[in-house]
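Top to bottom, those sequences are chains Z and D.
In this text, residue positions in the first sequence follow our numbering: the first is 3, and each later residue adds one.
In this text, residue positions in the second sequence follow our numbering: the first is 3, and each later residue adds one.
Data block below; observations after.
There are 2 protein chains.
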Amino acid sequence: MTNPIETLQSLLGDKLDGVNHLIATRMASENAPRIPEVTAHLINAGGKRVRPMLTLAAADICGYEGDNDVKLAATVEFIHTATLLHDDVVDESEQRRGRPTANLLWDNQSSVLVGDYLFARSFQLMVETDSIRVLDILANAAAVIAEGEVLQLSVARNLSTTADTYIRVVRGKTAALFSAATQVGGVIAGTSPEREKALYDYGDALGIAFQIADDLLDLTGDEASIGKRTGDDLREGKLTLPVILSVAQADDAERAFWQRVIGKGRVEEGDVPRAVEIMRARGALEETRARALNWSAAARQSLDILPGGPAQDALHDLAGFVVSRIA
Amino acid sequence: MTNPIETLQSLLGDKLDGVNHLIATRMASENAPRIPEVTAHLINAGGKRVRPMLTLAAADICGYEGDNDVKLAATVEFIHTATLLHDDVVDESEQRRGRPTANLLWDNQSSVLVGDYLFARSFQLMVETDSIRVLDILANAAAVIAEGEVLQLSVARNLSTTADTYIRVVRGKTAALFSAATQVGGVIAGTSPEREKALYDYGDALGIAFQIADDLLDLTGDEASIGKRTGDDLREGKLTLPVILSVAQADDAERAFWQRVIGKGRVEEGDVPRAVEIMRARGALEETRARALNWSAAARQSLDILPGGPAQDALHDLAGFVVSRIA
Chain Z
3 MTNPIETLQS
13 LLGDKLDGVN
23 HLIATRMASE
33 NAPRIPEVTA
43 HLINAGGKRV
53 RPMLTLAAAD
63 ICGYEGDNDV
73 KLAATVEFIH
83 TATLLHDDVV
93 DESEQRRGRP
103 TANLLWDNQS
113 SVLVGDYLFA
123 RSFQLMVETD
133 SIRVLDILAN
143 AAAVIAEGEV
153 LQLSVARNLS
163 TTADTYIRVV
173 RGKTAALFSA
183 ATQVGGVIAG
193 TSPEREKALY
203 DYGDALGIAF
213 QIADDLLDLT
223 GDEASIGKRT
233 GDDLREGKLT
243 LPVILSVAQA
253 DDAERAFWQR
263 VIGKGRVEEG
273 DVPRAVEIMR
283 ARGALEETRA
293 RALNWSAAAR
303 QSLDILPGGP
313 AQDALHDLAG
323 FVVSRIA
Chain D
3 MTNPIETLQS
13 LLGDKLDGVN
23 HLIATRMASE
33 NAPRIPEVTA
43 HLINAGGKRV
53 RPMLTLAAAD
63 ICGYEGDNDV
73 KLAATVEFIH
83 TATLLHDDVV
93 DESEQRRGRP
103 TANLLWDNQS
113 SVLVGDYLFA
123 RSFQLMVETD
133 SIRVLDILAN
143 AAAVIAEGEV
153 LQLSVARNLS
163 TTADTYIRVV
173 RGKTAALFSA
183 ATQVGGVIAG
193 TSPEREKALY
203 DYGDALGIAF
213 QIADDLLDLT
223 GDEASIGKRT
233 GDDLREGKLT
243 LPVILSVAQA
253 DDAERAFWQR
263 VIGKGRVEEG
273 DVPRAVEIMR
283 ARGALEETRA
293 RALNWSAAAR
303 QSLDILPGGP
313 AQDALHDLAG
323 FVVSRIA
């Protein structure tokens, strides 16, 4: 399979240049030069601009001909960047995309405040589209994102977390912005409610498939390609899907293991491979993989009622691509 | 003088009840119970609801009869609460309004994420007013607030900070939300551009007067009434106006003192009274006080072109009240 991200990049090339130009212009701050420094560190760190491409592709599929898609694509990338800055503070992360995080290079303060600035900038950009519907969708997405992050924090290290709660967290931390990104692309094109819903459903399912695959890669991926140490989620006490599925079937010894590693956060040498071994024995890795593939299939299926064309084909392939790393 | 905050509270009583009800409803989160816990800690901590009252009073002066003023007043309080949560993380504060801060009671993570949630909630509320103009004003205010905070962070401990930079920081951290609060009150009432500008100017000058008075009280106020230790700004290396004015006139010994305390952050026993003594000798406290009074007078004067009435009288008195603690 050709890489659908590259296909989207070449299909949407001019629009993407517009997005990058707008991002560069709007991240400037005459009053506070630290803002573009911190922002540039993240924005130029080789992110693939997946979320902006979702907006551009959705607008393209729906036949949009104006330039609000570029504004909304930049909006979505600013929201994404703001949440990354805040996440790294919350998680006390030291690496992101294989480079030191902003909170490590500058300080937590800068990450919090520059994140706030980017939220405000994203908000200014979307106001420029003059569409209350778009503002409503993105405001709701911002609330779901923050709620998902707080929920994740409050269930951290809690072994009684269910797979349902997991999905609510994932909708917040990943899927809400994916689905808002695709939906607003349709909205500005004035598409029908059915198509708008299809675009929303696609983004939602894509985000969930992507996040479940990410959970799996954290355990079984290779450090060079994931850009961080394997097992970081485990060390942070995150209740990822493979952990939740394993805990549900644990015998007494395994339960004690999960309680020590996740519940108490007392991680010892060799715990990551041992966790993977237990997960494998319990079929939790296989089940996690199957669920990611189901969400990927659901994403592809949502596209069926849309009019078709190269951008739609690329989104179709993208849903397969996000799970190809675990296939 | 009767307390104009009490006058406003009694004038705007029903509307304020509506604001408090809306705040209580909208700070709830079905998915993440920690959100209302953290929010309630701050929202119920005896804040005076000054900012919401500014919006309600401005709308009242301009003859507004709908109920979007209540939504916008709650919006403004949510933005304020979100910035307090983030500020306390950035400043590593331990006390706010005489009580332990949320970052101390819960953790920095909760403060960052609940702050993000409240920003998103404020954003949802303002979208409900259906007014792009209002959204534009509040989005710009949010950007100026974050920019001011980052600017403050980047000039911390820098003795070459000028009084002009100081005013830019203060516009961000305090005046931007005051002026947006009064301006949007006029906007939803459909007032004239002149009156809208007068309301903006009032909020701007009031915010600056308030912040300069606050700087002075941090040094000369009494701990019980300011709800925190005196000298906290000094210990945090903040370039407040009295410091800036003193540094500008410092002899070699004083310069070395400021360099150690503010520049290096090496605060020793007895430094706060010594700083106050130097400021007094250099006339910096008197000059700071004079500037606060000027801004207060400018705020009152901005009101002159407005139609008058009890709410306007109360705003007039409020501008005197915020500097009465230093008069």
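Heads up, the beta-carbon is just placed ideally off N, CA and C, and yes, glycines get one too.
Measuring straight from C-alpha to C-alpha, what distance separates residue i and residue j?
i      : j      : result
D/P312 : D/A59  : 9 Å
Z/V146 : Z/A178 : 7 Å
Z/A286 : Z/L10  : 33 Å
D/D254 : D/A141 : 45 Å
D/R327 : D/L219 : 8 Å
Z/L44  : Z/T85  : 11 Å
Z/I169 : D/E288 : 60 Å
D/N5   : D/E67  : 26 Å
Z/A144 : Z/G150 : 10 Å
D/D206 : D/L56  : 12 Å
D/I190 : Z/P102 : 46 Å
Z/I202 : Z/E196 : Residue 202 of chain Z is actually Tyr in this sequence, not Ile. Taking the straight line joining both Cα atoms gives about 10 Å.
D/E96  : Z/T193 : 51 Å
D/G65  : D/G322 : 24 Å
D/Q314 : D/L305 : 7 Å
Z/S156 : D/A34  : 8 Å
Z/A283 : Z/R262 : 19 Å
Z/I37  : D/D89  : 17 Å
D/K230 : Z/L74  : 43 Å
D/G49  : D/T167 : 28 Å
Z/S12  : Z/P309 : 20 Å
Z/A215 : Z/N70  : 32 Å
Z/S112 : Z/G187 : 32 Å
Z/A258 : Z/K266 : 10 Å
D/Y204 : Z/Y204 : 48 Å
Z/W260 : Z/G239 : 10 Å
D/E8   : D/R237 : 34 Å
Z/K17  : D/I307 : 48 Å
Z/E271 : Z/D224 : 18 Å
By alpha-carbon positions, which one of the options ends up nearest to residue i?
i      : options                           : result
D/S298 : D/E288, D/V325, D/N70 and D/D273  : D/V325
Z/L161 : Z/F212, Z/D90 and Z/V245          : Z/V245
D/Q126 : D/L14, D/K230, D/E289 and D/I81   : D/I81
Z/V72  : Z/E96, Z/R28, Z/V40 and Z/L87     : Z/R28
D/Q213 : D/R282, D/R293 and D/L308         : D/R293
Z/I210 : Z/L295, Z/D90 and Z/T41           : Z/L295
Z/R51  : Z/A226, Z/I134, Z/D19 and Z/I264  : Z/D19
Z/N22  : Z/V157, Z/V172, Z/R123 and Z/A76  : Z/A76
D/A122 : Z/A30, Z/D138 and Z/I63           : Z/D138
D/Q185 : D/L14, D/V172, D/K175 and D/K199  : D/K199
D/D234 : D/D273, D/R257 and D/A252         : D/D273
D/L317 : D/I63, D/I280, D/A104 and D/V92   : D/I63
D/G115 : Z/L120, Z/V91 and Z/W108          : The question names Gly, but residue 115 of chain D is Leu in the sequence shown. Comparing Cα positions, the closest option is Z/V91.
D/D118 : D/A26, D/R268, D/T41 and D/G15    : D/T41
D/E39  : Z/V171, Z/W260, Z/S181 and Z/V152 : Z/V152
D/M128 : D/E271, D/V172 and D/E79          : D/E79
Z/L208 : Z/T176, Z/G223, Z/D217 and Z/D224 : Z/T176
Z/V171 : Z/Q154, Z/A61 and Z/Q303          : Z/Q154
D/L320 : D/F180, D/E32 and D/L247          : D/F180
Count the other CB atoms within 10 Å of the CB of residue i; is the residue buried (16 or more) or exposed (fewer)?
i      : result
D/A277 : buried
Z/E94  : exposed
Z/R53  : buried
D/A301 : buried
D/S227 : exposed
D/A148 : buried
D/D217 : buried
D/G15  : exposed
Z/R268 : exposed
D/A183 : buried
D/N110 : buried
Z/A250 : exposed
Z/A30  : exposed
I think residue i touches residue j, with their Cβ atoms under 8 Å apart; what is that distance to the nearest whole Å?
i      : j      : result
Z/L221 : Z/A165 : Incorrect: roughly 17 Å between the Cβ atoms, too far for contact.
Z/T290 : Z/L241 : Going by Cβ atoms, the distance from Z/T290 to Z/L241 rounds to 13 Å, so no, they are not a contact pair.
D/I264 : D/R159 : 6 Å
D/L120 : D/A104 : That pair is no contact at about 11 Å.
Report the start-end ranges of each alpha helix (DSSP H) in the region 174-252 of chain Z that is 4 residues or longer and not cut off at the edges. 178-190, 195-222, 225-228, 234-237 and 243-250
Kindly provide the ranges of any alpha helix (DSSP H) runs that are 4 or more residues long and lie completely inside the region 285-319 of chain Z, ordered along the chain. 286-304
For the region 43-95 of chain Z, which segments carrying the beta strand (DSSP E) assignment without a break, of at least 3 residues, lie completely within its bounds, in sequence order? none
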